[in-house]
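J.:
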Amino acid sequence: MAEAEEKKKQLPEIRKDAVNNRWVIFSPARSRRPSDFKSSKSTSSSDSNQSSANCPFCSGNEHLCAPEIFRVQPDSEPSWTIRVVQNMYPALTRADGEDSVPPPLKQTLDEDLEVVDDERIGGVGFHEVVIETPVHSVHLLDLDPVRLGDVLLAYKKRIDQLRTRNSIRYIQVFKNHGASAGASLSHSHSQLIALPILPPAVSSRLESMKHFFEQTGKCKLCEVQPKEFLINESTHFISIVPFAATFPFEVWIIPRGHSPHFHDLDNEKAVDLGGLLKLMLSKISLQLNKPPFNFMVHTSPFHFNPPCEPYMHWFLQIVPQLTSAAGFELATGCHINPIFPEDAAKVLREVQFLS
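Numbering of the sequence shown is given in UniProt numbering, commencing with residue 1 and proceeding in unit increments.
#1: What did DSSP end up calling Val241 once you bin it into helix, strand or coil?
#2: Could you check where the beta strand (DSSP E) with Glu329 kicks off and where it finishes?
#3: Can you give me the start and stop residues for the beta strand (DSSP E) that Leu153 sits inside?
#4: Where does Asn24 fall in DSSP's three states?
#5: Using the Cα positions of Pro316 and Ile253, report the straight-line distance between them to the nearest angstrom.
#6: Let me confirm a value: Asp144 is counted as buried when at least 16 other C-beta atoms fall within 10 Å, else exposed. Which label applies?
#7: Do Ser300 and His236 have their beta-carbon atoms positioned less than 8 Å apart in this structure?
#8: Identify every run of the alpha helix (DSSP H) within the region 221-302, keeping only runs that are complete inside it and at least 4 residues long; order them along the chain.
#9: Using the Cα positions of Asp17 and Pro226, report the straight-line distance between them to the nearest angstrom.
#10: Is His298 near the ligand NAD, going by C-beta to nearest heavy atom under 7 Å?
#11: What does His127 pair with, by DSSP beta-bridge criteria?
#12: Could you tell me which residues DSSP pairs with Thr81 in its beta bridges?
#13: Could you spell out the range, first to last residue, of the alpha helix (DSSP H) harbouring Gln215?
#14: Using a Cβ cut-off of 8 Å (strictly closer), state whether Lys175 contacts chain D.
#15: Among residues of its own chain, excluding the 5 on either side of Met88, which ones have a beta-carbon nearer than 6 Å to its beta-carbon?
#16: What residues in its chain sit with their C-beta under 6 Å from that of Tyr155, if we drop five residues either side in the sequence?
#17: Would you mind reading off the limits of the beta strand (DSSP E) that contains Glu309?
#18: To the nearest angstrom, how far is the alpha carbon of Glu214 from that of Ala326?
#19: What residues match up with Lys175 in a beta bridge as DSSP calls it?
#20: Would you kindly work out how many angstroms separate the C-alpha atoms of Phe70 and Val130, rounded to a whole number?
#21: So for Pro341, helix, strand or coil by DSSP?
#22: Is it a yes or a no for the region 264-284 touching the region 327-345, going by three-plus beta-carbon pairs under 8 Å?
#23: Report yes or no: do three or more beta-carbon pairs, one from the region 75-91 and one from the region 52-65, lie closer than 8 Å?
#24: Given this structure, state the Cα-to-Cα distance separating Glu128 from Arg158, to the nearest angstrom.
#25: DSSP three-state label for Arg349, please.
#26: Have a look at Tyr170 and His211 and give me their C-alpha separation to the nearest angstrom.
#27: Looking at Ile121 and Phe302, is the spacing between their C-beta atoms short of 8 Å?
#28: From the DSSP secondary-structure annotation, give me the bridge partner or partners of His335.
#29: Under a three-way DSSP split, which group does Glu119 fall into?
#30: Quick one: measure Cβ to Cβ for Phe247 and Asn166, integer angstroms, because I've assumed they're closer than 8 Å.
#31: Please classify Asp264 as buried or exposed, where buried requires at least 16 neighbouring CB atoms within 10 angstroms.
#32: Smallest Cα separation from His313: which of Phe126, Gly257, Lys175?
#33: DSSP three-state label for Leu140, please.
#34: Quick check on this structure: which residue in Pro310, Lys220, Val347, Pro78 has the alpha carbon closest to the alpha carbon of Asn20?
#35: Evaluate Ala345 with the Cβ neighbour count: other Cβ atoms within 10 Å of its Cβ, from every protein chain shown; 16 or more gives buried, anything less gives exposed.
#36: By Cβ distance, which residues of its chain are closer than 6 Å to Gly333, with the 5 residues on each side in sequence left out?
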């Protein structure tokens with residue numbers, strides 16, 4: 001009864017996301033109690049329907065994959081633990097060959113890219129897959145922090161290899177878990193796309209973070225987060241539900257110290273991040289009925305002039321797939337979130353695991 005009365009007091013609110021420069025509407029009247037929010041699309045049933053016999057990502061089926069870029073195979077292991085391969089159906093044509101000297105102007109393109117006209121360039125870049133485990137039934141959540149850290153370090157290694165290419169302006173690492181989240185194969189994997197342009201969302205984040213820095217002299221993500229939005233913390237990272245979360249139970253994992261680039265991650269921090277990522281995925285899985293989800297690494301662009309390092313700060317975003325964008329969101333770019341972030345943070349903070 002008290003909870004129902006409390007809900008009546010919660011009025012809709014519109015909040016500004018100062019990191020991504022967008023507005024979000026919070027409308028608690030459209031939701032159930034935060035503690036009752038569950039996914040109706042659990043990934044557990046769909047995962048069991050796919051056989052490993054002809055899965056190209058399983059150990060022994062390497063010949064079914066596109067060419068391998070590198071693999072991780074510890075000395076103590078009889079086989080590989082992680083493989084990075086080309087995407088069989090890439091969004092972009094691979095940018096092979098030597099890069100040209102980068103031009104001095106920001107956000108302009110290298111001479112080796114085909115410029116069709118003022119609004120078109122050749123679709124050249126890299127689209128690759130990180131196979132996170134050789135075992136079909138093992139998911140990212142099943143890995144221990146060290147193995148999860150190895151996956152993160154595989155991202156770092158490939159980013160390090162690609163960021164030196166003058167034609168690459170931005171690299172997006174992302175994971176789709178579950179069919180409704182965009183995964184075409186249930187075998188645990190993530191992807192990486194290296195682009196010759198800055199995507200609009202990255203440009204918007206750059207401008208918003210730069211504006212905040214110019215006004216305050218501070219990095220927005222270095223600010224101490226209010227406790228009501230905090231979920232958990234580790235030695236080097238914190239996890240929060242952001243003040244203006246676009247999606248219900250959206251989680252950000254943020255480095256404690258100022259860090260513009262994900263590829264600055266070292267071994268110690270990778271294991272630490274692996275542990276906190278595992279904890280967040282475990283809490284989301286338990287509280288929200290194993291929902292499909294996406295996670296994305298938001299880092300800084302390359303070859304950017306003037307340098308954006310003073311005000312850019314990388315973070316990892318986890319989005320459980322609990323709602324769908326409809327006409328209003330598509331028309332305005334303004335999302336409606338039925339859960340206030342502080343309520344979602346409280347629910348996730350209080351998730352307890354059976355010993």
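Glycine is no exception: its CB is placed at the ideal position from the N, C-alpha and C atoms.
T.: According to the data block:
#1: Val241: coil per DSSP, three-state reduction.
#2: Glu329 -> not in any beta strand (DSSP E); alpha helix (DSSP H) instead, spanning 327-332.
#3: Not the beta strand (DSSP E): Leu153 falls in the alpha helix (DSSP H), residues 145-162.
#4: The residue you asked about is not Asn; residue 24 is Val in the sequence shown. Residue state, collapsed to three classes: strand.
#5: Going by the sequence as given, residue 316 is Leu instead of Pro. Taking the straight line from one Cα to the other gives about 5 Å.
#6: exposed
#7: no
#8: If only uninterrupted alpha helix (DSSP H) runs of at least 4 residues are considered, those enclosed by the region 221-302 are 267-287.
#9: 15 Å
#10: The ligand content of the structure shown is nil, which means the ligand NAD is not present either.
#11: Ile193
#12: Thr81 is not bridged to any residue.
#13: 200-216
#14: Among the chains in the structure shown there is no chain D, since it carries only a single protein chain.
#15: Ala66
#16: Counting only Cβ-Cβ distances below 6 Å, and skipping sequence neighbours, we find Val173.
#17: Glu309 -> no beta strand (DSSP E), and no H or E assigned at all.
#18: 36 Å
#19: Beta-bridge annotation (DSSP): Lys175 is paired with Phe295.
#20: 10 Å
#21: Correct three-state label for Pro341: helix.
#22: no
#23: Yes, the region 75-91 touches the region 52-65.
#24: 10 Å
#25: helix
#26: 21 Å
#27: no
#28: Val24
#29: It is coil, neither helix nor strand.
#30: The Cβ separation is near 35 Å, so there is no contact.
#31: exposed
#32: Closest by alpha carbon: Gly257.
#33: helix
#34: Sorting Pro310, Lys220, Val347, Pro78 by C-alpha distance to the C-alpha of Asn20 places Lys220 at the top.
#35: buried
#36: Same-chain partners within the cutoff: there are none.
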